[in-house]
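Quick note: to get my numbering, add 271 to the position in the sequence shown (first position is 1).
The C-beta atom is built at its ideal place from N, Cα and C for all residues, glycine as well.
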Amino acid sequence: MKRILTILFFLYAYNVYSQGFPWELSPRFPFYIPVTYVGLDGYYAKSQFSGNMTLFENFYVCSKFDGGTGNAFALGATIEHWYWHNVALQGFVNFQTNRGKMVAQGDSFPVLIKGIPKIAKVENELSMDFKYLNFGVGVKWLPFRNNLYLRGLLEFGFKVSSLYEIYEQIKSPPEYHFIDNTQRRKVLEGRLSDLSLFKVEPKVCIGYDAPLFAGVYASPSITFDLPIYNFSKDETMRIFSIQFGLSLLFGIW
């Protein structure tokens, strides 16, 4: 009898503290803690671009972009199944939009300003807008009893669209202008390598599961994209980003 009571006690404790959520207040108010959750999640990300992207204009090399910054937004759905009291398997799908800018030193060339020879210096600016439909899987681990978790993710994405705009800006001398009497022009014949149609991104994450109501919890997190995958078709562009995310999950069974 003593052995049976001991087993029942441990089973009760496992149910009460599964996932770290003490949702069963007492044996008088039993509550079955779900092991499968679905919900919505989204994030905002700050990105850092690095690589080697060559800008061509009319088949001539104008400059090479090697770095820049950007941001991203994503919104999607997630499912989470607790395989063990502190280990969960996850799946997700989201739509992600990215914007970024890279700046590179352009050509220098001699000009005459009121009969005085000077050297004109220009700067090239690449504005990017690209969108992905992503899906992926992850493993979530709670190493402590305080709802703090670590997570590893593998994200796969299909490019939905990519848009580039390239500009040339005169940096000096201030008196020099393009033929249209401006110091900034859009490079209509600009060309550079497109992004890959498919991407694979490993991620690591730290977050916290905050219970809201019985069977419902929010999960704020910080995720780091590891800059391993090359996003460029023909050259090199890698993206490191820090994502600030929030998920809202509801127990279903």
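Query, Result
"When the Cα of glutamine 514 is compared with those of Phe495, Lys385, Leu520, Tyr500, which residue comes out closest?", "Phe495"
"Roughly how far, in whole angstroms, is the beta-carbon of glycine 322 from the beta-carbon of serine 503, given that I think they are within contact range, below 8 Å?", "7 Å"
"Give the single residue among Glu351, Ser334, Gly313 whose Cα lies nearest to the Cα of isoleucine 523.", "Glu351"
"Would you kindly work out how many angstroms separate the C-alpha atoms of serine 518 and aspartate 465, rounded to a whole number?", "32 Å"
"Just the C-alpha distance for valine 364 and glycine 313, rounded to the nearest angstrom, thanks.", "10 Å"
"Once DSSP output is grouped into helix, strand and coil, what is the label at isoleucine 523?", "coil"
"Give me the Cβ distance between tyrosine 438 and lysine 457, rounded to the nearest whole Å; I'm assuming they're in contact under 8 Å.", "6 Å"
"Helix, strand or coil: how does DSSP classify proline 498 here?", "coil"
"Does the Cβ-Cβ distance between glycine 339 and valine 374 come in under 8 Å?", "yes"
"With DSSP as the reference, please indicate the residues paired to serine 512 in a beta bridge.", "Ser318, Asp496"
"Once the 5 residues before and after leucine 497 are set aside, which same chain residues still bring their CB inside 8 Å of it?", "Glu472, Pro473, Lys474, Val475, Phe511"
"For the region 377–394 against the region 425–433, are there 3 or more C-beta pairs whose distance is under 8 Å?", "no"
"Should phenylalanine 336 and leucine 397 be called a contact, given that it needs their Cβ atoms to be closer than 8 Å?", "yes"
"If we define contact as Cβ-Cβ less than 8 Å, is proline 414 a contact residue for chain B?", "The structure shown contains no chain B; it is built from a single protein chain."
"For the putative contact between asparagine 329 and glutamate 460, defined by C-beta atoms under 8 Å, what is the C-beta separation to the nearest angstrom?", "5 Å"
"Compute the Euclidean distance between the alpha carbons of phenylalanine 327 and glutamate 436, then round it to the nearest angstrom.", "13 Å"
"So threonine 349 and glycine 310 are supposed to be a Cβ contact under 8 Å. How far apart are they, rounded?", "6 Å"
"Do three or more CB pairs link the region 353–370 to the region 409–422 at distances below 8 Å?", "yes"
"Just mark alanine 481 as buried or exposed, buried being the case when its beta carbon has 16 or more other beta carbons within 10 Å.", "exposed"
"Can glutamine 305 and glycine 478 be called in contact, C-beta distance under 8 Å?", "It is worth fixing the name first, because residue 305 is proline in this sequence and not glutamine. Taking 8 Å as the Cβ cut-off, proline 305 and glycine 478 do not qualify as a contacting pair."
"For glycine 423, which residues of its own chain have a beta-carbon under 7 Å away from its beta-carbon, when the five flanking residues on both sides are left out?", "Gly409, Val410, Val475"
"Let me check understanding here. Comparing Cα to Cα, which of Ile441, Met399, Thr307 lies closest to serine 379?", "Ile441"
"Could you check what DSSP says for arginine 416 in three-state terms: helix, strand or coil?", "coil"
"Using CA atoms only, rank isn't needed, just tell me which of Leu468, Thr507, Tyr308 is closest to tyrosine 354.", "Tyr308"
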